[in-house]
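Engineer: First the structure, which I've put down as structure tokens, then a few questions once you've had a look.
Structural data, given as structure tokens:
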């Protein structure tokens, strides 16, 4: 516990007197101490100095926003979530950061730290005695907030800080209090008596007389005026072989004889390319010489490259010198032990032949032609959906929906769509062309459009009918009958004959008997019927009403993209 408040507050503080009289300064509750991690000499009192001892570790520790009960030796809560805040102003030159905050408690107590100037939370939860070094809370005013639940109590609060010392006795096992002791310790570690002996030892290791000679030697070796870039290059070029550290016959660790020379060997006239089996580059500058030679792929000038794995495996590549184009041929030689053979030449590349026969399509990548690809800048994520929609539904497309849907209002659909109403669609062909319209929902047939047909008619009966008599006809004998006649009397002549003539008004009547049953013979004859007409009654059928010729149907909503 603090015995003398003057140990923590200095007289040169402008608010010194006010702070001494401030009842919120907790000299009886809070203990402030440094975390001692200094060498032993510091612990024994050689540091800090007397002057530093009198300076305050913290310029003030002030209670703020207290809702707890201050009992003089601690704080007690009489209800839940009561709290008090300790505002701390570090004011000590050796203060670097907070090391720990320890406190005794009973009940439920939480502790946190905020920047008192900005209100920013620095540590959300502080456990008593926990190491706070990792938070690096440096020299700044802070608020330490304690929150207590009902019946909880806090006492014996201790602030522990980390000082500014650069050498910690816990980190280095060098318990020395000054540079002389430190050097002596180093000398002991190096089995030398003092710093002079250390210098001499270093000079001896470098085969030089003293430390000055070492410095001079290093300066000479690193003097840029002596070893310029061109000077170093010239010296390296003169060094070759073991012991130099540099082999100028190597390039990136590969001996130069593994490389082909840039200057090719000229192939003479009438040469046989089958005999070129050593690794190298060979030049045939003349078409005529190539024509006179043997086993050329074509009789033209070119460059022959030979790659040899061994005497049994050789690979040749011949590149032509044709104007404005380049053609490459390759072949291989293999000796399996029973006599080697050369494979035939194969055309590998022809800059003028793109496609079949060239062996390579210069416009393809992975067998895909350049026209098969699209630009990534054109088909971005933002417009790829629009591109795909245009591919699926170009202008002129017709879509159908089973329900009444308007594609102009569908999310993700684009373009202008016009509804096709009350019409069938008909496939275009030899008779009908795309876009042609026609037809009607109903139609009244004309006479010409009616099929050939018959009607039922009836003729009403009138008059009598006769039956033609074929041959002689006879009346039946049962036809006895009489006829009454009127006649004019005349005097008989020739006995029984009676002749009637018209004589005045005299008349008489009589009855003619049929003579009893008898027959009459009527010879065959004909009757002539003059031209005449008959009236025919014909019934009416149909009504002339227009009709449709509709097959079974399902009505859909049909739309055509017009833009």
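Residue numbers (the UniProt record's numbering): 1 to 563.
Ideal Cβ placement from N, Cα and C applies to all residues, glycine included.
(1) Excluding the 5 residues preceding and the 5 following residue 305 in the sequence, name in chain order all residues of the same chain whose CB lies nearer than 6 Å to its CB.
(2) From residue 319 to residue 329, what does the alpha carbon distance come to, in whole angstroms?
(3) Note down the Cα distance separating residue 401 from residue 326, rounded to an integer number of angstroms.
(4) So who's on the other strand from residue 101, going by DSSP bridges?
(5) Under the three-state reduction of DSSP, which class applies to residue 170: helix, strand or coil?
(6) To which residues does DSSP link residue 335 through a beta bridge?
(7) Applying the 10 Å Cβ sphere with the 16-neighbour rule, what's the burial state of residue 551?
(8) Can you name the residues that DSSP bridges to residue 302?
(9) Consult DSSP for residue 554 and reduce its assignment to one of helix, strand or coil.
(10) So what does DSSP say about residue 537, is it helix, strand or coil?
(11) What do you reckon, are the CB atoms on residue 107 and residue 149 nearer than 7 Å?
(12) Exposed or buried, which one is residue 555 when buried takes at least 16 other CB atoms within 10 Å?
(13) Alpha carbon to alpha carbon, how far is residue 412 from residue 146? Give it in angstroms, no decimals.
(14) When you compare only the Cα positions, how much space is there between residue 315 and residue 265?
(15) To which residues does DSSP link residue 74 through a beta bridge?
(16) Return helix, strand or coil for residue 329, following the three-state DSSP convention.
(17) Rounded to the nearest angstrom, what separates residue 69 and residue 83 at their Cα positions?
(18) Would you check if there are 3 or more beta carbon pairs closer than 8 Å linking the region 539-549 to the region 440-450?
(19) Is it right to say residue 271 is buried, meaning 16 or more other beta carbons lie within 10 angstroms of its own, or is it exposed?
(20) How about residue 301 and residue 290: are their beta carbons less than 7 Å apart?
(21) Would residue 394 and residue 559 qualify as a contact pair, given that the criterion is a beta-carbon distance under 7 Å?
(22) Considering residue 384, what are the terminal residues of the beta strand (DSSP E) in which it resides?
(23) Within the same chain, show all residues whose beta-carbon is closer than 6 Å to that of residue 335, passing over the 5 residues directly before and after it, in chain order.
(24) How long is the line joining the alpha carbons of residue 142 and residue 375, rounded to whole angstroms?
(25) Would you decide whether residue 368 is buried or exposed? Buried here means 16 or more other CB atoms lie within 10 Å of its CB.
(26) For residue 124 and residue 144, what's the separation of their Cα atoms in angstroms?
(27) Provide the residue span of the beta strand (DSSP E) that contains residue 121, from first to last.
(28) Quick one: using the 10 Å Cβ neighbour count with 16 as the cut-off for buried, is residue 432 buried or exposed?
(29) Within its chain, find whatever has a CB closer than 6 Å to the CB of residue 398; leave out the 5 residues flanking it on each side and keep chain order.
(30) Do you know offhand how far residue 539's Cα is from residue 460's?
(31) Leaving out five residues on either side along the sequence, give the residues of the same chain with a beta carbon under 6 Å from the beta carbon of residue 75.
(32) When you compare only the Cα positions, how much space is there between residue 267 and residue 284?
(33) Is it right to say residue 105 is buried, meaning 16 or more other beta carbons lie within 10 angstroms of its own, or is it exposed?
(34) Mapping the DSSP letters down to three states, classify residue 378 as helix, strand or coil.
(35) Does the distance from the C-beta atom of residue 101 to that of residue 137 stay below 7 Å?
(36) Starting from residue 111 and walking both ways along the beta strand (DSSP E), at which residues does that stretch end?
Structural biologist: On the basis of the data shown:
(1) Cβ neighbours of residue 305 beyond the five flanking positions: 281 and 317.
(2) The C-alpha of residue 329 is placed about 6 Å away from the C-alpha of residue 319.
(3) About 60 Å.
(4) The partner list for residue 101 (beta bridge, DSSP) reads 159.
(5) At residue 170 the pLDDT is 37, less than 50, meaning the model places this residue with poor confidence; the figure from the coordinates comes in the next sentence. DSSP places residue 170 in the coil class of the three-state scheme, outside both helix and strand.
(6) None; residue 335 has no bridge partner.
(7) With a 10 Å radius around the Cβ and a threshold of 16 neighbouring Cβ atoms, residue 551 comes out exposed.
(8) Under DSSP, residue 302 forms a beta bridge with 284 and 320.
(9) Coil at residue 554, not helix or strand.
(10) It is a strand residue.
(11) Taking 7 Å as the cut-off, the beta carbon of residue 107 is found closer than this to the beta carbon of residue 149.
(12) That one is exposed.
(13) It is roughly 59 Å from the alpha-carbon of residue 146 to the alpha-carbon of residue 412.
(14) Their Cα atoms are separated by approximately 17 Å.
(15) Partner residues in the beta bridge of residue 74, as assigned by DSSP, are 155.
(16) Look at residue 329 here: in three-state DSSP terms it is strand.
(17) Take the alpha-carbon of residue 69 and the one of residue 83: they are about 10 Å apart.
(18) Taking 8 Å as the limit for Cβ pairs, the verdict is that the region 440-450 does touch the region 539-549.
(19) Residue 271 sits buried, since 16 or more C-beta atoms from the chains shown fall within 10 Å of its C-beta.
(20) A contact, by the Cβ cut-off of 7 Å.
(21) Taking 7 Å as the cut-off, the Cβ atoms of residue 394 and residue 559 do not count as close.
(22) Counted as a single uninterrupted DSSP element, the stretch harbouring residue 384 is not any beta strand (DSSP E) but the alpha helix (DSSP H) occupying residues 384-392.
(23) For residue 335, where only same-chain residues beyond five positions count, the Cβ hits under 6 Å are 312.
(24) Whole-angstrom Cα-Cα distance: 60 Å.
(25) By the neighbour-count rule (16 or more Cβ atoms within 10 Å), residue 368 is not buried but exposed.
(26) If I take the Cα positions, the gap works out to 11 Å.
(27) Note, residue 121: beta strand (DSSP E), 121-123.
(28) Under a 10 Å Cβ-count criterion, residue 432 is classified as exposed, with fewer than 16 other Cβ atoms of the shown protein chains found around its own Cβ.
(29) The residues are 560.
(30) The alpha-carbon atoms of residue 539 and residue 460 are separated by roughly 13 Å.
(31) Excluding positions up to five away in sequence, the list reads 68, 84 and 154.
(32) The alpha-carbon separation between residue 267 and residue 284 amounts to approximately 5 Å.
(33) Around the beta carbon of residue 105, 16 or more other beta carbons sit within 10 angstroms, so the residue counts as buried.
(34) The DSSP-derived three-state label of residue 378 is coil.
(35) No, the Cβ-Cβ distance between residue 101 and residue 137 is not below 7 Å.
(36) It spans 109-115 - the beta strand (DSSP E) in which residue 111 sits, taken as one unbroken run.
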